[in-house]
Every structure is written in structure tokens, then in C-alpha cells.
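Notes to accompany the following structure.
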Amino acid sequence: MMMKTRTKILSAFLVASSLALAVPLTAQAERGMGGCGGPVAMHKGGGMEGPGRDGMMRQLRGLDLSEAQRDQIFELKHAQMPKMREQMKVVRGLRDQLRDAATADAYDAAKVKALTEQQADAMASMMQMRLAHEHAVFQVLTPEQRETLSKRRDARSDMRKGEGRGMMRGGPDADV
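Quick note, the sequence shown lines up with residues 7 to 182 if you use this note's numbering.
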């Protein structure tokens, strides 16, 4: 009887301690996944594929795509992925080098300048790839679908500018 009680207590303790360790690690992982900025944050706010992890595809929901359109868009998306992934590796590597330069014993302004320029070029390349992909997808859509998508984007843009936000930053009552 005593052994069963100890086993239950030990099991409960192990589960509780595992959870206690998992929560901070999960929070740390989420922060490192782009919550505070940097290239990975693009997933949250419009980088590699627009707002959210699969932004362009999410925008296409409700457009009543035909099976042929879905297939074409699928092909476009998956053809771009390896190039985008490689570019992301470049950006991450440069970010790590910049972080190392910031914490180095001696600050090397020329090295930092070169790294930031390389990172800007890599980010520009990613944006160009993303926009080329969006354009290709847009060309697959019918004129009616394009119009619907454009209206959605305009509405989202208006929300970002503050229309309809009330007391929030940028809203009509922001000066109050």
C-alpha cells in the first residue's frame, strides 16, 4: 500500500514538473519564432507569404476556386518553397552573424555594415520572390475573383490604417 502511494505521488510530481518545465520552454520557443521582430516575424505580419503563416492561401478562401485553379496555385506555391527556404537560411545566418558582431569584444563597423547590406539584399530578394508569386497567383484568378480579392485587401488595409479601431492607436478617437 505504501509503495503504491509513493508511486502515485512520484508520478504526479513528475507530471507536474514536466509541465512546469514545458511552459517556459514553449513560451521561449514562441518568442524565438518571430513574435518580436526579425525575419521570422514576417509570418505573423506580412512577410514571406502575407499575414499569417499561409497568408496568400488564406486570402483565396471563399473565392470559389475551380479544381484547375487550385492545382495551378498549389504548383506555384510548392515551386517557390525551396527558393524561399534557401533565402530564409541566408537571412537567419546573417542575423546570427550580426548578433555575434554586437556581442564581440571589439565592434567592427565595416563588418556590421557589410552584414546589414547583405541582409537587406536577402530580404529584398525574398520580397521580390513573394511578389512574383502573388502576381502569378493573381493571374490564375478570374476577373471576378480578382475584384473580390482586391476589395478584401482594401478592407484589410483600411483596418490597418485605423478605420474602425475606436480608441486604439490610429483610430478616429486616438487623440482623446
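Glycine residues also receive a C-beta, built at the ideal position from the N, C-alpha and C atoms.
Same chain only: Cβ atoms within 7 angstroms of residue i, ignoring 5 sequence neighbours per side
i, result
"Gln103", "Leu121"
"Thr154", "Leu69"
"Glu36", "Bear in mind that the predicted position of Glu36 carries a pLDDT of just 39, short of 50, making it too unreliable to give a figure here."
"Lys95", "none"
Sequence-distant residues of its chain with Cβ nearer than 8 angstroms to residue i (five each side left out)
i, result
"Arg159", "Gln65"
"Asp111", "none"
"Tyr113", "Ala107"
Buried or exposed by the 16-neighbour rule on C-beta atoms within 10 Å, applied to residue i
i, result
"Gln145", "exposed"
"Leu137", "exposed"
"Ile15", "exposed"
"Pro88", "exposed"
Nearest-angstrom beta carbon gap, residue j and residue i [assumed within contact, 8 angstroms]
i, j, result
"Leu82", "Gln151", "About 15 angstroms separates the two Cβ atoms, so there is no contact after all."
"Gln93", "Ala130", "Wrong, their Cβ atoms sit about 10 angstroms apart, outside the cutoff."
"Gln86", "His139", "5 angstroms"
Own chain residues within Cβ distance below 6 angstroms of residue i, not counting five before or after
i, result
"Val118", "Ala107"
"Leu100", "Leu121, Gln124, Gln125"
"Ser163", "none"
"Ala115", "none"
"Pro156", "Reading off the sequence shown, one finds Ser at residue 156, where the question assumed Pro. So no residue of the chain qualifies."
"Lys167", "none"
Reference residue i; option with closest CA among the options
i, options, result
"Gln125", "Ala115, Met165, Tyr113, Val97", "Val97"
"Arg267", "Pro88, Lys167, Leu147", "Residue 267 lies beyond the range of the chain shown here (7 to 182); nothing can be said about it."
"Leu71", "Lys167, Thr109, Pro149", "Pro149"
task = Give, in chain order, every unbroken run of the alpha helix (DSSP H) that is at least 4 residues long and sits entirely within the stretch 83-156.
result = 115-146
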